[in-house]
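Residue numbers (the UniProt record's numbering): 1 to 217.
Ideal placement from N, C-alpha and C gives every residue a C-beta, glycine not left out.
Right, one structure below, let's go through it.
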């Protein structure tokens with residue numbers, strides 16, 4: 001069976017088998033995908049398709065979530081760039097440009113290793129949203145969970161309270177919320193009341209006309 005999570009700039013595809021003995025979900029009639037056989041991550045504009053098995057998927061979601069935490073908080077947290085099969089990490093290379101580095105498994109017979117793909121911030125947010133849709137799907141690999149750790153104190157360069165609010169980014173937030181969070185982090189302009197508010201001028205009382213008293217006869 002196949003599960004597909006599609007965004008304009010990214011598509012995440014999971015293939016696997018179901019569990020005939022899994023309890024049914026009254027709100028979702030789809031069978032439970034519990035055994036993963038293949039994963040593909042397709043990014044628009046990239047001439048390479050990222051693919052692998054469960055280890056690759058776990059490394060992908062962990063790398064993307066960790067980089068999203070760093071990107072939104074502004075707190076740099078260097079990722080491990082170990083040269084192991086299925087390893088994935090991201091790095092910032094420009095104002096609106098990021099590099100995704102992937103070490104494919106030797107079983108794929110890909111001569112180029114590592115594979116480096118440059119993506120824009122829009123593509124990054126679509127990748128985040130695709131992974132978020134996967135975690136929101138309770139009928140696909142329910143045993144796979146995302147573990148995010150707070151950024152270590154030695155990497156803190158901004159206010160800690162602001163950085164800590166971005167830790168649970170990929171546990172239910174999508175790209176629209178990410179945009180809202182970016183605006184949330186901007187300073188709010190201060191509006192001050194005038195020190196001496198003007199006193200409104202008193203309006204003149206209206207003149208009431210009087211009738212002349214007639215002279216006595």
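Residues that DSSP places opposite residue 116 in a beta bridge | DSSP lists 101 as partners of residue 116.
Considering only C-alpha positions, which residue in the set 100, 3, 137 is nearest to residue 68?
-> Answer by Cα proximity: 100.
Given that a residue counts as buried once 16 or more other Cβ atoms are within 10 Å of its Cβ, and exposed if not, what is residue 130?
-> Flag for residue 130 reads buried.
What's the C-alpha gap between residue 32 and residue 111?
-> The straight-line gap from Cα to Cα measures roughly 35 Å.
For residue 12, which of 126, 144, 74 has the nearest alpha-carbon?
-> Nearest of 126, 144, 74 to residue 12, Cα basis: 126.
With residue 3 and residue 138 assumed to form a contact (beta carbons below 8 Å), what rounded beta-carbon distance in angstroms separates them?
-> No, residue 3 and residue 138 are not in contact; Cβ-Cβ is about 12 Å, not under 8 Å.
Return the first residue and the last residue of the beta strand (DSSP E) that residue 84 is part of.
-> For residue 84, there is no enclosing beta strand (DSSP E), as DSSP gives it neither H nor E.
Residue range of the alpha helix (DSSP H) that residue 59 falls in?
-> Note, residue 59: alpha helix (DSSP H), 54-73.
Which partner residues of residue 15 appear in the DSSP bridge assignment?
-> Beta-bridge pairing links residue 15 to 2, 38.
Apply the 10 Å Cβ neighbour rule to residue 25 and answer buried if 16 or more other Cβ atoms are within range, or exposed otherwise.
-> When all chains shown are included, residue 25 counts as exposed.
Between residue 133 and residue 102, what straight-line distance do the alpha-carbon atoms span, to the nearest angstrom?
-> Residue 133 and residue 102 have their C-alpha atoms some 22 Å from each other.
Those residues which DSSP pairs with residue 25 across a bridge = DSSP output for residue 25 lists 28 as bridge partner(s).
Could you check the C-alpha separation between residue 93 and residue 118 for me, to the nearest Å?
-> Those two C-alpha atoms are separated by around 9 Å.
From this set, 9, 62, 38, 10, which residue's C-alpha is nearest residue 90's C-alpha?
-> Per the Cα distances, 62.
Near residue 122, what residues of its chain come up, given a Cβ to Cβ distance below 7 Å and the 5 sequence neighbours on each side ignored?
-> Here the set comprises 9.
Identify which residue in 116, 85, 29 has its Cα closest to the Cα of residue 47.
-> With distances taken between Cα atoms, residue 47 lies closest to 116.
Reduced DSSP secondary structure (H/G/I, E/B, other) of residue 144 = The answer is coil: DSSP assigns residue 144 none of H, G, I, E or B.
For residue 19, does the count of other Cβ atoms within 10 angstroms reach 16, so buried, or fall short, so exposed?
-> Only exposed fits residue 19, as fewer than 16 other CB atoms lie within 10 angstroms of its CB.
Near residue 190, which residues of its chain fall below 8 Å by C-beta distance, leaving aside the five closest residues on each side in sequence?
-> Reliability fails at residue 190, whose pLDDT of 49 lies under 50, so the model's placement of it is uncertain and the value that follows must be treated cautiously. Nothing meets the Cβ criterion.
Report buried or exposed for residue 39, applying the criterion of at least 16 other Cβ atoms within 10 angstroms of its Cβ.
-> The residue is buried, with at least 16 neighbouring Cβ atoms inside 10 Å.
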